[in-house]
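**Student:** Okay, handing you the structure first.
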Amino acid sequence: MSEKRRLLLFLVGAVGVAAVYCAGIRNMPPWGTYRGPYGDVIASLAVFQRHATDTVNAITYDYRGFDTLGEEFILFSAVTGVMLLLRPETKEKRRRATEGENPASFRDSAALSETVQVFTTGVFGFSVLFGIYIGTHGQLTPGGGFQGGVIIAAAPMLLYVAENFEAFHRILSHPLMELMEALGAAAYAVVGLIALAFGAPFLTNVLPLGKTGDVFSSGTIALISALVGVEVAAGFMLVTFEYLREILSRQKNEED
Amino acid sequence: MLVHYPYYVAAWVFLCGLYGIVRSRHLVHTVISLAVLQTSTYVLLLAIGFRKGGSAPIFADISPGVITVDPIVQALMLTDVVVEATVVALLLAMAVKAYEQGGTTRPDDLRFMRG
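Pasting the structure below:
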């Protein structure tokens, strides 16, 4: 199909979608007049039922916990997919990749300015600490495992910016990351199974709820959030690891 | 029309992303267009749960019983963000493979792929 005909087809479709959508929207309640009831019910009950002050995370990790388990497996399979797609395929490439595993074989670009190095190294510790803080306080304030995990996973990237791939490689071990990712995902399901041992349905919040406002409160919400943080951090580090290795081995191939 | 305007913003963002995919000449551009398309769902979800004068549904510093916006759609949006990030990562890896196998980054030139 030529580009012109495709654009024409798109325009016809887009006008159709827009017409049906607008007709549907016309009778919606006006924006800003949320009528509930489910959001209001959960917002008023979550603090008393689950001792979690962040109701969004109470929903994510408890009321909708089963869905989040599925979401976590989406993340897990996507990371596995990235690793599978970016693996070295041919014998020759595998040989190069094994050479590539030896970080010294990478010729990194020239050192960056000292300002960048000092700044990123300074921010490194801060971002790890901030990631842990966000990840462990999800039940109290906005945050949680997904957000904290991504912040932690971004820290090694800073090290790559400040130093080189060798430094990145030194603090990240590929097999260890894989293990952490798998354990993080599996532990979520295991927490769900604990409830069965107590005779409650899967993923019921059976742990002691603690005092509202404490870091160690809200039972399984805080625990699952932390486990998700481990999985997300390891998963995103693996993805950045694979992409960096891909880019660097490509550069190396071009040089050879 | 004005009382519904975030819903129209969502439709606009959706169509912008779709237009990007249709007109794409580079696989990375296609993937980013898909990411733009998906952001429309954030606008739609948050607009549905919004309430004028409602606080954030975080009861760390407000007393329970205060009127808040809907926390359920916010939790759904969180799922949405995570799925988008993973889908983008996976699709970009596929783009790398497509370039490796076909030597092209134009979506139109991927016709060499047969089932």
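Line order of the protein sequences matches chains C and V.
Residue 154 in the working numbering is what sits at position 100 of the first sequence, and the numbering runs on without skipping anything.
Residue 108 in the working numbering is what sits at position 107 of the second sequence, and the numbering runs on without skipping anything.
Idealized CB from N, CA, C, for every residue including glycine.
Tell me the residue span of the alpha helix (DSSP H) that contains Lys265(C).
**Tutor:** Taken as a continuous stretch (DSSP letters only), Lys265(C) belongs to no alpha helix (DSSP H), as it is neither H nor E.
**Student:** Could you list which residues in chain C have their beta carbon closer than 8 Å to that of His5(V), in chain order?
**Tutor:** Ile79, Arg80, Met82, Pro84 and Trp85
**Student:** Once DSSP output is grouped into helix, strand and coil, what is the label at Asp108(C)?
**Tutor:** Asp108(C): strand per DSSP, three-state reduction.
**Student:** Which value, in whole angstroms, describes the spacing of the CA atoms of Phe60(V) and Glu57(C)?
**Tutor:** 53 Å
**Student:** Assuming contact is defined by CB atoms lying nearer than 7 Å, are Tyr115(C) and Ile278(C) in contact in what I supplied?
**Tutor:** yes
**Student:** Any C-beta of chain C sitting closer than 7 Å to the C-beta of Ala96(V)?
**Tutor:** For Ala96(V), no Cβ of chain C is located within less than 7 Å of the residue's own Cβ.
**Student:** To the nearest angstrom, how far is the alpha carbon of Ala99(V) from that of Ile33(V)?
**Tutor:** Straight-line measurement puts the Cα of Ile33(V) at about 16 Å from the Cα of Ala99(V).
**Student:** When burial is assigned at 16 or more other CB atoms within 10 Å of the CB, is Ala280(C) buried or exposed?
**Tutor:** Taking a 10 Å sphere around the C-beta of Ala280(C), we find 16 or more other C-beta atoms and assign the residue as buried.
**Student:** DSSP three-state call for Ile59(V): helix, strand or coil?
**Tutor:** strand
**Student:** What is the rounded straight-line gap between the Cα of Gly264(C) and the Cα of Asp71(V)?
**Tutor:** Here the alpha carbons of Asp71(V) and Gly264(C) stand approximately 26 Å from one another.
**Student:** Check Arg89(C) in the structure and name its three-state DSSP category.
**Tutor:** coil
**Student:** Among Ala86(V), Thr105(V) and Met114(V), which residue has its Cα nearest to the Cα of Ala36(V)?
**Tutor:** Ala86(V)
**Student:** Assign Asp94(C) to buried or exposed, taking buried as 16 or more other Cβ atoms, counted over all protein chains shown, within 10 Å of its Cβ.
**Tutor:** Burial call: buried.
**Student:** Any idea if Glu126(C) is buried or exposed, counting beta-carbon neighbours within 10 angstroms, 16 or more meaning buried?
**Tutor:** buried
**Student:** Quick check on the DSSP output: the alpha helix (DSSP H) that includes Phe113(V) runs from which residue to which?
**Tutor:** Here Phe113(V) belongs to no alpha helix (DSSP H), and DSSP marks it neither H nor E.
**Student:** Should Leu250(C) be labelled buried (16 or more other beta-carbon atoms within 10 Å of its own) or exposed?
**Tutor:** exposed
**Student:** Between Gly189(C) and Asn111(C), how many whole angstroms is the CB-CB distance? I'm expecting something under 8 Å.
**Tutor:** For Gly189(C) against Asn111(C), the beta-carbon gap comes to about 11 Å, at or over 8 Å, which does not count as contact.
**Student:** For Asp108(C), collect the residues of the same chain with a Cβ closer than 8 Å to its Cβ; drop the 5 residues on either side in sequence, then sort them by chain order.
**Tutor:** Around Asp108(C): Gly192, Gln193, Leu194, Thr195, Pro196, Gly197 and Gly198.
**Student:** When the Cα atoms are used, what is the spatial distance from Thr40(V) to Ser303(C)?
**Tutor:** Between Thr40(V) and Ser303(C), the C-alpha separation is close to 33 Å.
**Student:** To be precise: take each residue of the segment 31–57 of chain V, compare its Cβ to all Cβ atoms of chain C, and keep it if any distance is under 9 Å. Which residues remain?
**Tutor:** Ala48, Ile49, Gly50, Phe51, Arg52, Lys53, Gly54, Gly55 and Ala57
**Student:** Between the segment 166–176 of chain C and the segment 74–86 of chain C, are three or more C-beta pairs nearer than 8 Å?
**Tutor:** no
**Student:** With DSSP collapsed to three states, give me the class of Thr69(V).
**Tutor:** Three-state DSSP puts Thr69(V) in a strand.
**Student:** Along chain V, in chain order, which residues have C-beta atoms closer than 7 Å to that of Val101(C)?
**Tutor:** Against chain V, the beta carbon of Val101(C) has neighbours under 7 Å at Phe60 and Pro65, listed in chain order.
**Student:** State the Cα-Cα distance for the pair Val136(C) and Glu296(C), rounded to the nearest angstrom.
**Tutor:** 8 Å
**Student:** Tell me the DSSP bridge mates of Arg52(V)?
**Tutor:** According to DSSP, Arg52(V) shares a beta bridge with Thr87(C).
**Student:** Residues of chain C with CB under 8 Å from Asp110(V), in chain order?
**Tutor:** The premise fails here: Asp110(V) is roughly 13 Å from chain C at the closest Cβ pair, so nothing lies under 8 Å.
**Student:** Mind checking which residues open and close the alpha helix (DSSP H) that includes Met211(C)?
**Tutor:** Gly199 to Ala216
**Student:** Which one of Arg24(V), Gly103(V), Gly54(V) and Ala12(V) has the shortest CA to CA distance from Ala73(C)?
**Tutor:** Ala12(V)
**Student:** Would you check if the distance between the CB atom of Val215(C) and the CB atom of Thr174(C) is smaller than 7 Å?
**Tutor:** yes
**Student:** Rounded to whole angstroms, what's the CA-CA distance from Leu183(C) to Asp109(V)? Just pull it up for me.
**Tutor:** One C-alpha to the other measures close to 46 Å.
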